[in-house]
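Below: one structure, written as structure tokens.
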Amino acid sequence: MDAPESSSGKLQPQAWMTAPETRKIMAVLNEDGGEARFVGGCVRNALVNRPVLDIDIATPLEPEDVIARLNKHKIAYAPIGLKHGTVTAIVDGRPYEITTLRLDVLTFGRHAEVKFTDDWKTDASRRDFTINTIYATADGDLYDPFGGISDLRNGIVRFVGDPDKRINEDVLRILRFFRFYAHFGRGMPDAAGVKACAMNAKQVSKLSAERIRQEVLKLLAAENCTPTWLLMVNCGIVTHFLPEATNIEALGRLVNLEKRHECPAFPLRRLAALLEITASGLQHVISELKLSNEQAEQLSMMVHPDVSISMRMTEPEVRKLVYQRGNSTAHSLLLLAAARDHDPDALKRLYQTATSFRAPVFPLRGEDVLKMGVEAGPEIGRMLEWVEDWWVGEDFRPDRQACLAKMQAAMG
Ligand code: ATP
Ligand code: MG
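Quick note, the sequence shown lines up with residues 33 to 444 if you use our numbering.
Here it is as structure tokens:
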């Protein structure tokens, strides 16, 4: 029998751990001889002071027992993922994914046949990377069966077990490897992991659009996304799921410009920088990633803007852009244009304008035109639009009186 596991240190109390909802769920799982530990992203991120977005909990209790306890304490849950032993408890609107310790017995791509266990190390062995196998009790005692804490501190993303075998159980792990490297890696990536990903690159094309989209957008949110994307291109991986996304130089410049202007990362904008494509190529990317209508619209606007954007724009032109598209779209378009034109200095002034300008409200309305004797109908809209264009062209200076006079003059 294995020696009893010993704690690998202590996680300082975190706001998400001490929150009353979290304490409640852990108390319910820990009572009557139960046991539960935090695991995965929450522990990993907390150890390196990154924000914790969702909380995963592991427990030897079987799902029926978890559900019985939740029912007893009137805690709502959703049986999403029940087949894989996961129950999602919802306390005061906050979800907690509670997963029974398990081993993946047989894997057919993403579809694993599940067998539960009460052994923590067995549960850790089925997880993907050492940094994702760190457990913490409600009080913060850490359990780290595969040296994940040291790997995390050293920026090493390492497969648990043989990388080639783990990838062949679940190809998604190729993209997860690069995603975690982009966020947590430092120095050279783990050679065995890279080799196995490159060898199995072709299989990435089997993944569903949803999974690829999710991983790509998470990867592109990382500060270090550029060298990671280059690595993926060089390993022959990108060509199997997004062959159009190869403008690494533009991505690198965009990330630097975002940093310089303290503009938060926006993964879709970074994707736009990577793409050098025709309209039909863009449609292909949108459908390959199954982007939502809103995302598709945003990406199209950034890849092929329907307005002319360049670093030679005048300030009134930037104000017009902000008026038509809003401040944040103007920021994105300017950042991308500067990244493509390789012109960081010109950007400074234009970006400043796009930040400080607050679009005013056009001072005329339909009723103003009606009062001038125009009959209700499409003509009203056309008149308004005509004066509005003039007002924008005058850099928003004319006031209401001046706009009314312009309208009057146009009507003769
Ligand atoms: P984040 O929530 O920030 O995306 P995470 O590590 O919490 O990161 P999840 O997808 O929430 O990722 O998964 C929770 C944990 O489940 C992981 O940390 C890992 O231990 C395990 N896991 C998730 N997906 C896989 C996979 N495809 N193969 C093996 N283990 C996985
Ligand atoms: Mg998670």
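Where is the CB? At the ideal position from N, CA and C, for every residue including glycine.
Below 7 Å CB to CB, which residues in the same chain sit around residue i once its five sequence neighbours on both sides are set aside?
| i | result |
| --- | --- |
| Pro470 | Because residue 470 is not part of the residues shown, which for the chain are 33 to 444, the question remains open. |
| Ala371 | Ala282, Arg285, Leu286, Leu289, Ala305 |
| Ile99 | Tyr109, Val119 |
| Phe394 | Glu420, Trp423 |
| Cys435 | Pro395, Leu396, Val419, Trp423 |
| Asp194 | none |
| Tyr355 | Ala391, Val424 |
| Val162 | Reading off the sequence shown, one finds Thr at residue 162, where the question assumed Val. Counting only Cβ-Cβ distances below 7 Å, and skipping sequence neighbours, we find Phe178, Gly179, Gly180, Asp183, Arg190, Val192. |
| Arg429 | none |
Taking 8 Å as the limit between beta carbons, can you name the residues of its chain near residue i, skipping five residues before and five after?
| i | result |
| --- | --- |
| Thr258 | Ile280, Leu283, Gly284, Val287 |
| Met33 | For Met33, the predicted structure reports a pLDDT of 41, less than 50, and the residue's modelled location is therefore unreliable. The matter cannot be settled from this model. |
| His116 | Thr131, Arg134, Ala144, Val146 |
| Arg432 | Pro395, Leu396 |
| Val265 | Thr271, Thr278, Ile280 |
| Gln347 | Residue identity check: residue 347 is Glu in the sequence provided, not Gln. If we look at Glu347 and ignore the five residues flanking it on each side, its Cβ neighbours are Arg381, Leu382, Thr385. |
| Arg414 | none |
Give the range of the alpha helix (DSSP H) segment to which residue i is assigned.
| i | result |
| --- | --- |
| Met439 | 432–443 |
| Leu263 | 257–266 |
| Met231 | 223–231 |
| Gln246 | 241–252 |
| Thr50 | 47–50 |
| Glu201 | 195–201 |
| Ser157 | 152–157 |
| Leu467 | No answer is possible for residue 467: the residues shown for the chain start at 33 and end at 444. |
| Asn186 | 180–186 |
I'd like to know if residue i contacts chain B, where contact means its C-beta is closer than 9 Å to some C-beta of that chain.
| i | result |
| --- | --- |
| Tyr213 | This model lacks chain B altogether; it includes just one protein chain. |
Which residues in the same chain have their Cβ closer than 6 Å to the Cβ of residue i, if we skip the five residues on either side of it in sequence?
| i | result |
| --- | --- |
| Gly66 | Leu93 |
| Ile318 | Ala328 |
| Asn256 | Ala214 |
| Val350 | Leu382, Thr385, Ala386 |
Would you mind listing the alpha helix (DSSP H) stretches within the stretch 279–351 that are 4+ residues and don't spill past its ends, in chain order? 280–292, 299–306, 311–320, 325–335
Would you be able to state if there are at least three C-beta pairs under 8 Å between the stretch 262–281 and the stretch 221–239? yes
Any alpha helix (DSSP H) of 4 or more consecutive residues that is wholly inside the stretch 53–134: 73–79, 95–104
Count the CB pairs spanning the stretch 203–219 and the stretch 282–301 that are closer than 8 Å, and state whether there are at least three. no
Contact set, the ligand MG heavy atom to C-beta under 7 Å: Gly72, Gly73, Cys74, Asp86, Asp88
Within the chosen definition, does the stretch 84–93 reach the stretch 124–133 through at least 3 CB pairs nearer than 8 Å? yes
Closer than 8 Å is the cut-off here; do at least three beta carbon pairs connect the stretch 339–353 with the stretch 300–320? no
Across the stretch 43–55 and the stretch 69–85, are there enough close Cβ pairs to call them in contact, namely three or more that are closer than 8 Å? yes
Does the count of Cβ pairs from the stretch 168–181 and the stretch 57–71 closer than 8 Å reach three? yes
Between the stretch 184–193 and the stretch 215–229, are three or more C-beta pairs nearer than 8 Å? yes
Take every Cβ of the stretch 292–305, pair it with every Cβ of the stretch 324–337, and state whether three or more of those distances are shorter than 8 Å. yes
Which complete alpha helix (DSSP H) runs does the stretch 357–416 hold, if anything under 4 residues is left out? 359–373, 376–388, 398–403
With a threshold of 8 Å, are at least 3 pairs of Cβ atoms found where one atom belongs to the stretch 398–405 and the other to the stretch 361–378? no
Mind the definition here: the stretch 352–363 touches the stretch 378–390 only if three or more C-beta pairs lie below 8 Å; say whether that holds. yes
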